[in-house]
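Taking it in order: structure first as structure tokens, then the write-up.
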Amino acid sequence: MWGSGDYCKMIDAACPGDWSEERLRQTGERIWNLERLFNLKAGLTRADDTLPPRMLKDPVPGGFAKGGVVELDVLLPQYYKLRGWDETGVPTAETLKGLGLN
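For the sequence shown, the working numbering assigns the number -4 to the initial residue and increments by one for each residue that follows.
Have a look at this one:
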């Protein structure tokens, strides 16, 4: 099984620049936040951060999650916090500064 170190070696072979696991992770975070900023400027909001109605309303028919539905109102604020975004889904100034996007 490949790990992030293997990917770093391949990326460094194609795009020299000392691709460490930390640099790869930060590059991914920068891309994710740039995409979010683009979508916000395009008019998307927290209301657009949703899932198909089936996942929000229809209970899971079997397995370890049987009877459950996605509690998006609970999970979305946690996701935003982990991403370094405010409660409306906007990347914070601190997050952008840490990624060199300010």
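We treat Cβ as the ideally placed atom computed from N, Cα and C, and that holds for glycine. A quick note: this is a predicted structure, and the numbers were derived from the prediction, not measured.
State whether the segment 19 to 33 contacts the segment 81 to 88, with contact taken as three or more CB pairs (one from each stretch) at a distance under 8 angstroms.
Taking one beta carbon from each stretch, the segment 19 to 33 and the segment 81 to 88 have 3 or more pairs nearer than 8 angstroms; the two touch.
Contact check, C3 vs R18, beta carbons under 9 angstroms:
yes
Please report the residue range of the alpha helix (DSSP H) in which K4 lies.
Unbroken alpha helix (DSSP H) run through K4: S(-1) to A9.
Can you pull the DSSP bridge partners for P56?
None, per the DSSP bridge assignment.
Does Y74 pass the burial test, meaning 16 or more other C-beta atoms within 10 Å, or should it be called exposed?
Its Cβ having fewer than 16 others within 10 Å, Y74 is exposed.
Less than 8 angstroms between the CB atoms is what I'm expecting for V69 and L51, so what's the real figure, rounded?
Incorrect: roughly 12 angstroms between the Cβ atoms, too far for contact.
Between M(-4), L71, L96 and P47, which lies nearest to R41 when the distance is taken from Cα to Cα?
L71
As a quick exercise: from L91, N28 and D1, pick the residue whose alpha carbon is nearest that of E16.
D1
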